[in-house]
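Just so it is clear: in the sequence shown, position 245 is 278 by this note's numbering, and no numbers are missing. All residues carry an ideal CB built from backbone N, CA and C; glycine is no exception. Just so you know, these numbers come straight off a predicted model, no measurement behind them.
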Amino acid sequence: MLLLSRVLLYLFLPSIFAKVTYFNLENTYGPYCNPRNKFTPDAGIVRYAGTPWIGRCVLNIESCCLPEFPNGTLIPNVSISTRFYMHLLVPPLCLTENVTVIAGTEETIHINCNTPNGSEYYFDTERLTILYHRSEKLPLSKFSMIVTPLKLKTRMYTACGFDCFSETHCIERSLVCDRYRNCPNGIDEANCEYSHHHEPLSFRGKSILFVILMIIISVAVSIIFGCYFCCKVNKNNNRLSFITRDRKSIAGADFEEIRAVHSPLIPSTTLEKV
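Below is the structure:
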């Protein structure tokens with residue numbers, strides 16, 4: 034039970050309490066490649082999930098808590114309150130991958146294998162679309178980048194969590210000391226004491242682990258019920274055997290009594306002597 038609880042905690046808690054959203058680009062298994070879905074993270078790690086697949090992924094990211102109409106559209110003539118900050122960790126592979134980022138203002142950039150590590154981009158927009166295309170299943174890629182919606186201090190609709198020691202923008206408090214640079218100047222990761230941290234599994238990894246866990250639970254339950262019924266059958270058999278032995282012993286005793294009744298009490302030789 035202790036092992037089971039630990040597995041469940043490892044499986045589900047990281048996704049509940051994660052400081053950043055891990056956007057695992059999985060065309061077949063993941064939910065992040067559906068162009069109809071929109072996500073509003075405090076910050077996101079956009080990365081190739083590690084599963085061999087071919088296709089196109091469309092990831093839509095939005096700022097949080099913007100003034101909107103009931104139908105979900107933004108109220109017009111509202112000043113842009115967000116500056117998206119992108120920091121490239123590992124570029125995509127040559128020939129097999131390409132990445133295009135489109136801002137709500139129609140500003141577009143292309144990221145390829147020639148883009149150096151650590152490249153930074155800024156977009157003054159409330160919405161960002163990331164197009165990821167993969168043409169070959171192999172080799173596997175380590176492409177990843179950090180996307181952080183910076184709040185512009187002069188045009189905020191929600192409270193500022195952590196001041197990036199900047200006059201223009203801030204970030205959410207949950208992003209401080211999370212091992213990823215969300216402030217452009219890196220002040221959110223300065224003077225941090227990191228504990229052991231494991232990134233959460235991808236959606237496919239969680240699904241596989243969940244299936245394995247269910248199989249283990251099913252086998253354990255089957256063994257328990259099998260032992261229960263076997264013990265019950267053995268107990269009933271022992272009980273029947275005990276009853277049968279009792280009946281045989283009773284029948285034997287009755288037979289001895291009958292023989293005693295029908296046999297003479299005094300031998301004939303004794304009577305002759307008398």
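Checklist entry - Touching or not, the region 116 to 132 and the region 157 to 170, by the rule of three or more beta carbon pairs under 8 angstroms? => result With a cut-off of 8 angstroms on Cβ pairs, the region 116 to 132 is in contact with the region 157 to 170, counting three or more such pairs.
Checklist entry - Helix, strand or coil: how does DSSP classify residue 180 here? => result strand
Item to check | Distance, residue 241 Cα to residue 35 Cα | outcome: Here residue 35 scores only 46 on pLDDT, less than 50, and its place in the model is too uncertain to base an answer on.
Item to check | Distance, residue 135 Cα to residue 204 Cα | outcome: 22 angstroms
Next on the checklist: Here's a check: name, in chain order, each residue in its chain whose Cβ is nearer than 6 angstroms to the Cβ of residue 54, leaving out the five neighbours to either side.
Outcome noted: 74 and 77
Item to check | Simplified DSSP state of residue 205, which is helix, strand or coil | outcome: coil
Checklist entry - On the three-pair Cβ rule with 8 angstroms, is the region 148 to 161 touching the region 114 to 126? => result yes
Checklist entry - According to the neighbour-count rule (16 or more other Cβ atoms, all chains shown, within 10 Å of its Cβ), is residue 253 buried or exposed? => result exposed
Checklist entry - Alpha carbon to alpha carbon, how far is residue 157 from residue 72? => result So the alpha carbons of these two residues sit roughly 18 angstroms apart.
Checklist entry - So, helix, strand or coil for residue 42, using DSSP? => result Since pLDDT at residue 42 reaches only 43, below the 50 mark, its modelled position is unreliable, and the value read off the structure follows with that caveat. Three-state DSSP puts residue 42 in a helix.
Next on the checklist: Using a 10 Å radius around the Cβ and a threshold of 16 neighbouring Cβ atoms, would you call residue 138 buried or exposed?
Outcome noted: Exposed, by the Cβ-count rule.
Checklist entry - Using the rule of at least 16 other Cβ atoms within 10 Å of the residue's Cβ for burial, across every protein chain shown, is residue 178 buried or exposed? => result buried
Checklist entry - Taking buried to mean at least 16 other C-beta atoms within 10 Å of its own C-beta, is residue 117 buried or exposed? => result In this structure residue 117 is buried. Its beta-carbon is surrounded by 16 or more other beta-carbon atoms within 10 angstroms.
Next on the checklist: Assuming contact is defined by CB atoms lying nearer than 9 angstroms, are residue 259 and residue 173 in contact in what I supplied?
Outcome noted: no
Next on the checklist: Let's see if you can read the secondary structure: which residues bound the beta strand (DSSP E) around residue 162?
Outcome noted: Taken as a continuous stretch (DSSP letters only), the beta strand (DSSP E) holding residue 162 covers 160 to 167.
Checklist entry - Whose CA, out of 65, 113, 87 and 119, lies closest to the CA of residue 186? => result 113
Checklist entry - Quick one: what does DSSP say residue 157 is sitting in, helix, strand or coil? => result strand
Checklist entry - residue 175: beta carbon under 8 angstroms from a heavy atom of the ligand SAH? => result The ligand SAH is not among the ligands present in this structure, which contains no ligands whatsoever.
Checklist entry - Exposed or buried, residue 90, counting other C-beta atoms within 10 Å across all chains shown (16 or more means buried)? => result buried
Checklist entry - Which term fits residue 200, buried or exposed, when burial requires 16 or more other beta carbons within 10 angstroms of its beta carbon? => result exposed
Checklist entry - Per DSSP, which one or two residues make a beta bridge with residue 80? => result 57 and 177
Item to check | Residues of its chain near residue 52, where Cβ-Cβ distance is below 8 angstroms and the 5 sequence neighbours each way are ignored | outcome: For residue 52, where only same-chain residues beyond five positions count, the Cβ hits under 8 angstroms are 75, 76, 207, 208 and 211.
Checklist entry - First and last residue of the beta strand (DSSP E) that includes residue 95? => result Counting along the chain, the beta strand (DSSP E) containing residue 95 begins and ends at 88 to 95.
Checklist entry - Sorted by chain position, which residues of the same chain lie with C-beta nearer than 6 angstroms to residue 215's C-beta, five sequence neighbours on each side aside? => result 76, 181, 204, 208 and 221
Item to check | Whole-angstrom distance between residue 66 and residue 80, CA atom to CA atom | outcome: 12 angstroms
Checklist entry - Are residue 104 and residue 70 closer than 9 angstroms when you measure CB to CB? => result Cβ atoms of residue 104 and residue 70: not closer than 9 angstroms.
Next on the checklist: Taking 6 angstroms as the limit between beta carbons, can you name the residues of its chain near residue 115, skipping five residues before and five after?
Outcome noted: 96, 159 and 182
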